[in-house]
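S.K.: Submitted below is the structure of interest, expressed as structure tokens.
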Amino acid sequence: MLTLFGSSSTRAMRALWMLEELGLGFDHVPCPPRAPELSGRTVLGKVPVLEADGADITDSTAILTYLADREGRFTAPAGSVARARQDALTFQILDEFDALLWTAARHTFILPQEHRIPAIKEPLRWEFQRNVDRLMQRMEGAYLMGDDLTIPDIVAVHCGSWAKVAKFPVENAQFTAYCDRARARDGYRRAAARD
Ligand SMILES: N[C@@H](CCC(=O)N[C@@H](CS)C(=O)NCC(=O)O)C(=O)O
Numbered sequence: 421m422l423t424l425f426g427s428s429s430t431r432a433m434r435a436l437w438m439l440e441e442l443g444l445g446f447d448h449v450p451c452p453p454r455a456p457e458l459s460g461r462t463v464l465g466k467v468p469v470l471e472a473d474g475a476d477i478t479d480s481t482a483i484l485t486y487l488a489d490r491e492g493r494f495t496a497p498a499g500s501v502a503r504a505r506q507d508a509l510t511f512q513i514l515d516e517f518d519a520l521l522w523t524a525a526r527h528t529f530i531l532p533q534e535h536r537i538p539a540i541k542e543p544l545r546w547e548f549q550r551n552v553d554r555l556m557q558r559m560e561g562a563y564l565m566g567d568d569l570t571i572p573d574i575v576a577v578h579c580g581s582w583a584k585v586a587k588f589p590v591e592n593a594q595f596t597a598y599c600d601r602a603r604a605r606d607g608y609r610r611a612a613a614r615d
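Per my numbering, the very first residue in the sequence shown carries number 421; after that it's consecutive.
Right under this line is the structure:
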């Protein structure tokens, strides 16, 4: 029994995409952060949260990893060198994409007004473009790890969509084509059509 909490306009989209790719049956509660439905499930009040067999799992990457390992799909096997390389790529994307977008969001609408520094967004935008170029140098096929979609693709392509909303310009044509290819997948389309 699986229930995902969080609307598709948040990082919950990553988990929705994985669930749709895996073709698993699940309930979806498209709530915002700190919604009453999250009470008792997460100390931080953040989304996504996945309830799996009665236990709550927080953090989108932890959820992706749990689901992929459980089903043995969209990941290299745990304990393999290929998995270590895949994990390194996931952490690179979290450090070099997610963290920059999140810092920009914090200085736009999350932090108390008096702690926001709008000027920080300019260097973050510059750094994001540079990091996109660096990631594309590691592409090993149609997807980051080769011909098959894996966990880091879901995080990277989600960050690509987030960058658009955050008005982070991305001029790398290879990255744009890669994101378009991933978003054309049935699993992505079904996830995006939720809520
Ligand atoms: N590393 C976490 C971050 C979760 C997170 O910050 N989610 C945002 C929505 S995308 C949230 O709930 N923000 C509310 C807050 O920070 O108070 C993940 O990947 O799930």
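Quick reminder that beta carbons are idealized off the backbone N, C-alpha and C, glycines included.
I'd like the list of long-range same chain contacts for Val552, defined as Cβ closer than 7 Å, with 5 residues on each side in sequence excluded.
M.R.: Your numbering for residue 552 matches position 132 in the sequence shown. Cβ within range, chain order: Val590, Asn592, Phe595.
S.K.: Are there three or more Cβ pairs, one per stretch, closer than 8 Å when the segment 596-607 is compared with the segment 533-542?
M.R.: no
S.K.: I need the straight-line Cα distance from Ala524 to Ser427, nearest angstrom please.
M.R.: Sequence index remark: in the sequence shown, residue 524 carries index 104 (1-based). Sequence index remark: in the sequence shown, residue 427 carries index 7 (1-based). When rounded, the distance between both Cα atoms is 20 Å.
S.K.: Go ahead and pull the three-state DSSP assignment for Phe446.
M.R.: Here residue 446 corresponds to residue number 26 of the sequence shown, with the count starting at 1. Phe446 falls in the coil class under three-state DSSP.
S.K.: Threshold first: 3 residues or longer. Then list the beta strand (DSSP E) segments lying entirely within the segment 444-520, N to C.
M.R.: 447-449, 469-472, 475-478
S.K.: Run through the DSSP bridge pairs and tell me what Phe425 is partnered with.
M.R.: By 1-based counting over the sequence shown, the position of residue 425 is 5. Partner(s): Val449, Val469.
S.K.: Would you call the segment 422-437 and the segment 466-473 touching, i.e. three or more CB-CB distances under 8 Å?
M.R.: They touch, by the three-pair rule.
S.K.: Quick one: what's Gly607 bridged to in DSSP?
M.R.: To locate residue 607, count along the sequence shown from 1; it is residue 187. Looking at the DSSP output, Gly607 bridges to nothing.
S.K.: Please work out which residues of its chain come closer than 7 Å, Cβ to Cβ, to Met433, disregarding the five sequence neighbours upstream and downstream, and give them in chain order.
M.R.: Along the sequence shown, read from residue 1 onward, the residue named residue 433 stands at position 13. The answer, listed in chain order, is His578, Ala611.
S.K.: So what does Gly566 bridge to, in DSSP terms?
M.R.: Reading the sequence shown from its first residue, position 146 is the one you call residue 566. Tyr563.
S.K.: Could you tell me whether any non-hydrogen atom of ligand 1 is closer than 7 Å to the CB of Asp476?
M.R.: As a first step, residue 476 is located in the sequence shown; it is residue number 56 there, counting from the start. False, no ligand heavy atom lies under 7 Å from that Cβ.
S.K.: Nearer than 7 Å: is that true of the beta carbon of Ser480 relative to any heavy atom of ligand 1?
M.R.: Sequence index remark: in the sequence shown, residue 480 carries index 60 (1-based). Yes, ligand 1 has a heavy atom inside 7 Å of this Cβ.
S.K.: Less than 8 Å between the CB atoms is what I'm expecting for Ala586 and Leu521, so what's the real figure, rounded?
M.R.: What you label residue 586 is simply residue 166 of the sequence shown in a count that begins at 1. What you label residue 521 is simply residue 101 of the sequence shown in a count that begins at 1. Contact flag correct, Cβ pair sits at about 6 Å.
S.K.: Which of the three DSSP states, helix, strand or coil, is assigned to Asp615?
M.R.: Residue numbering aside, residue 615 sits at position 195 when the sequence shown is read from its first letter. Reduced to three states, the DSSP call for Asp615 is coil.
S.K.: Is any non-hydrogen atom of ligand 1 found closer than 7 Å to the C-beta of Gly465, if you look at the structure I gave you?
M.R.: Against the sequence shown, residue 465 aligns to sequence position 45. Yes, the Cβ of Gly465 comes within 7 Å of a heavy atom of ligand 1.
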